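Take a look at the structure set out below.
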Amino acid sequence: MAHRIRIHLTGGPEVLRYEDYDVGEPGPGQVRLAQEAAGVNFVDTQFRDGIYDAKLPLTLGVEGAGIVDAIGPGVTEFAVGDRVGYWLAFGSYADMRLVEADKLVRLPIGLSSEQAAASLTKGLSAWAMVKRAHVVQPGETVLVQAAAGGVGSFAASWAQALGAKVIATVGTPEKAAWLRERGIETVLDAGDPDLAARIFGMTDGRGADVVYELIGAATFDRSIAALRPGGDLVHFGNASGAPGVDLAALADRSIVYTRPNTADFVNSRVVLKQASDDLWSAFETRVLAPHPVTRYPLREARRAHEDIGARRVVGSIILTM
């Protein structure tokens, strides 16, 4: 019998239930995956809370990795025994599951299932930020709000490797030290009311070319203020809640505002393979350093949600099977 974490109603971590279930055989275009790890992301807590609509009951989680256990009719790209990972396929909080084969990517030799499950959503989101939503150019000044988070740290490192001057913000001295260990030298306090003035001082009065906004309401106005006229505000996350967007304030300085969704950029099998290959290459060439990983057994998913909600963890959280 397989096991999964499901919610039957929305709410806090207490609504997560550890259940037995029968996986069944893969249908056309599907594989059955013996999962070795599932990623835990902040967006999972938002689905659990009911911020995003979803049909209940719902097996949580959107990314995982493991070994192909069986293949359904019509699957030709994968075989039993292949090591694979996936992103944006609901139901990853399970030790065995069915998943559409077109969601899968092969894992390179040397990359563990745990690291893949910890990295795919965050890495593909960072890829979309720096290579699609705003294509980072050498010499640009890039401000990354919440740069010690999973997506933010990848985006900061990737932007720096692309030749940008990266200014990162964090909430604690410990997170600042962690980022500096990863090669990001300019780290500021996200809560500093004079953040914009500091950035203009660092850029000879020009301001940032782009802000990747991952915090939301708490820093949104400061992000606008830190941009040069005509700069790009890429609003990718709302960890502190959704801000009110003052279109007049944006228009006053010709700020280009976007609220991108990774799925709109990684929107085909071809792009998924391209983006994941870029991600694996970034690990191999040490452009990106794997995040430290905090592990919880599947049946302790509730504790994982408590810790991610309280921001107790630096790096990535996974569930192990």
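Numbered per full-length UniProt numbering, the sequence shown spans residues 1 to 321. Backbone N, C-alpha and C define an ideal beta-carbon position, used for all residues, glycine too. Small disclaimer: the values here were computed from a predicted structure and weren't measured.
Under DSSP, Tyr296 forms a beta bridge with Leu319. Looking at the DSSP output, Lys165 bridges to Thr141. Using a 10 angstroms sphere on the CB of Asp192, the tally of other CB atoms stays under 16, which defines it as exposed. In the DSSP assignment, no residue is bridged to Tyr93. Two segments are said to touch when three or more pairs of C-beta atoms, one from each, lie closer than 8 Å; by this definition the region 100 to 110 does not touch the region 165 to 174. Here Trp87 really is in contact with Leu120; their C-beta atoms are around 4 Å apart, less than 8 Å.
If you draw a straight line from the Cα of Ile308 to the Cα of Thr45, it comes to about 8 Å.
Shown here, Arg198 sits in a helix according to DSSP, grouped into three states.
Distance from the CA atom of Ala161 to the CA atom of Arg253, rounded to whole angstroms, is 29 Å.
Under the 8 Å Cβ criterion, the region 204 to 219 counts as touching the region 233 to 242, having at least three qualifying pairs. With contact defined as three or more Cβ pairs closer than 8 Å, the region 122 to 136 and the region 262 to 275 are in contact.
His235 is bridged by DSSP to Glu213.
Between the region 27 to 34 and the region 56 to 76 there are three or more C-beta pairs closer than 8 Å, enough to call the two in contact.
Distance from the CA of Val287 to the CA of Ala155, rounded to the nearest whole angstrom, comes to 11 Å.
In the displayed model, Thr121 falls within a helix according to three-state DSSP. When secondary structure is reduced to three states using DSSP, His3 falls in the strand class. Here Val99 is bridged, per DSSP, to Val31. Under the DSSP assignment, Leu188 falls in the beta strand (DSSP E) whose first and last residues are 186 to 189.
Between Leu179 and Ala159, the C-beta gap is not smaller than 8 Å, which leaves the two residues out of contact. Cβ atoms of Leu56 and His3 stay farther apart than 8 Å, at about 19 Å. Counted as a single uninterrupted DSSP element, the stretch harbouring Thr172 is not any alpha helix (DSSP H), since DSSP gives it neither H nor E. Put simply, the region 71 to 91 touches the region 19 to 30. At least three CB pairs are less than 8 Å apart.
Across the structure, Arg295 and Gly216 are spaced so that their CA atoms are roughly 28 Å apart.
For Pro13, the secondary structure class from DSSP, reduced to helix, strand or coil, is helix.
Thr262: not part of any beta strand (DSSP E); member of the alpha helix (DSSP H) spanning 262 to 265, first to last residue. Remark: C-beta atoms of Tyr52 and Ala301 do not approach each other more closely than 8 Å. Distance between Pro229 and Gly205, taken at the CA atoms: about 11 Å. Cβ-Cβ separation between Ala54 and Leu143: approximately 33 Å, too far for a contact (criterion under 8 Å).
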